[in-house]
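Novice:
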Amino acid sequence: MGILDNKVVVITGGASGIGLATTKLFLAEGAHVHILDRESNGFTAVLDELKGTNVTGHHADVTDRAAVDSAIAATVTAHGTIDVVICNAGISGEVAPLVDYPAEVFERVLKVHVMGAFNTLQSALPHVPDGASIIITSSITGLVGPPMVSGYSTAKHAQVGMMRSLAAELAPRGIRVNTVNPGPVDNGFQDHIETRVTGLDAAGANSVFNEMIPLGRHITVDEVAQSMLFLAGPHSTGITSTTFRVDGGMGG
Ligand SMILES: NC(=O)c1ccc[n+]([C@@H]2O[C@H](COP(=O)([O-])OP(=O)(O)OC[C@H]3O[C@@H](n4cnc5c(N)ncnc54)[C@H](O)[C@@H]3O)[C@@H](O)[C@H]2O)c1
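Start counting the sequence shown at 1055; every next residue gets the next number (my numbering).
1. If I follow the unbroken beta strand (DSSP E) through R1230, where does it start and stop?
2. Should P1268 be listed as close to ligand 1, given that the test is whether its C-beta is under 6 Å from any heavy atom?
3. Can you name the start and end residues of the beta strand (DSSP E) that L1090 belongs to?
4. Using the beta-carbon count (16 or more within 10 Å), is N1210 buried or exposed?
5. Identify whether H1112 lies in helix, strand or coil by the three-state DSSP scheme.
6. Can you tell which of G1134, A1114 and H1272 has the C-alpha that lies nearest to the C-alpha of A1125?
7. Any heavy atom of ligand 1 inside 6 Å of the beta-carbon of G1144?
8. Exposed or buried, which one is K1061 when buried takes at least 16 other CB atoms within 10 Å?
9. Between N1232, D1102 and V1149, which has its C-alpha nearest Q1244's C-alpha?
10. In the DSSP assignment, find the unbroken beta strand (DSSP E) run with V1064 in it and report its ends.
11. From the DSSP secondary-structure annotation, give me the bridge partner or partners of R1218.
12. Identify, in the order they occur along the chain, each residue of the same chain with its Cβ nearer than 6 Å to the Cβ of T1296, setting aside the five sequence neighbours on each side.
13. Answer with buried or exposed for A1075, where buried requires no fewer than 16 other C-beta atoms within 10 angstroms of its C-beta.
14. Helix, strand or coil for A1318 per DSSP?
15. At what residues does the alpha helix (DSSP H) containing R1299 begin and finish?
16. For the stretch 1130–1213, which segments carrying the alpha helix (DSSP H) assignment without a break, of at least 4 residues, lie completely within its bounds, in sequence order?
17. Spatial neighbours of V1163 within its chain, please: CB distance less than 7 Å, with the 5 preceding and 5 following residues excluded, ordered by chain position.
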């Protein structure tokens, strides 16, 4: 018996990092997982690697509403319902003071995180039963505002607002809506941010950031995936409208 036996899960950005670790954990716990991700060689390789499991995949840019609708329709055709939706696709954007931040990058970062989550949720919600679980991957940067990442921080704060409104709307149906707010994760996504912020190589930048994390280290993708499992599954039925920090204490 798995914690998510026969649950149908849609996850955006599931072809890499946190999303891929969550996909693998959920598959091991008995779920059917439908990944939405952009067209990339990595996605095809992931689907090949997971062939024979209960995973399906759909190339879709979350900012493209028609593509999201078609991916959600494929899930519903296959399974008839969606029990868990995880809006996880993300990009880091620019590292620059706001005054120099390129407007087109700012707009794209908001579009991927905010409109991407909106598109996914508006498309999926008509197929979500009472008692379902919705999770948005925000960030510690959605709760505090570090310098040089105003686009990312604005987008991640906006996701928290979306989560809170939706949690209030869906609570009467027992549908729970939460954000997971990871701190710095030991993966390429975060290395790319840290090397630009510090001007150091990845190892040097990681050491600088480790000093800012009370646990003294980066979080792993598997630790974030375990939090996703908790919020998706039956052990968190009293939890909604929460910003669930997985940040080694960085948020204070
Ligand atoms: N890595 C960290 O330290 C960290 C910390 C806090 C929050 N997060 C958030 O976690 C989420 C996952 O990040 P990750 O660390 O696994 O990075 P990642 O780059 O490994 O994964 C992000 C995934 O999102 C996909 N994606 C990006 N833009 C997309 C789009 N427009 N349409 C569809 N898919 C798209 C990518 O192809 C990729 O598979 C993101 O929302 C990120 O902001 C990451």
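From the three backbone atoms N, C-alpha and C, an ideal C-beta is built for every residue, glycine too. On a predicted model such as this, the values are computed, not experimentally measured, just so you know.
Specialist: Working from what's here:
1. R1230 to P1236
2. no
3. H1086 to D1091
4. According to the sequence as given, residue 1210 is Lys; it is not Asn. When all chains shown are included, K1210 counts as buried.
5. It is a strand residue.
6. Nearest option by C-alpha distance: A1114.
7. yes
8. buried
9. Nearest C-alpha to Q1244: V1149.
10. V1062 to T1066
11. Answer by DSSP bridge pairing: none, since R1218 is not bridged.
12. N1232
13. buried
14. Here the chain comprises residues numbered 1055 to 1306, so residue 1318 is not present and cannot be evaluated.
15. Where R1299 is concerned, there is no enclosing alpha helix (DSSP H), although the beta strand (DSSP E) it sits in stretches over T1297 to V1300.
16. 1157–1164 and 1170–1178
17. Short of 7 Å from the beta carbon of V1163, and not among the five residues preceding or following it, lie these beta carbons of its own chain, in chain order: I1145, G1147, G1205, Y1206 and A1209.
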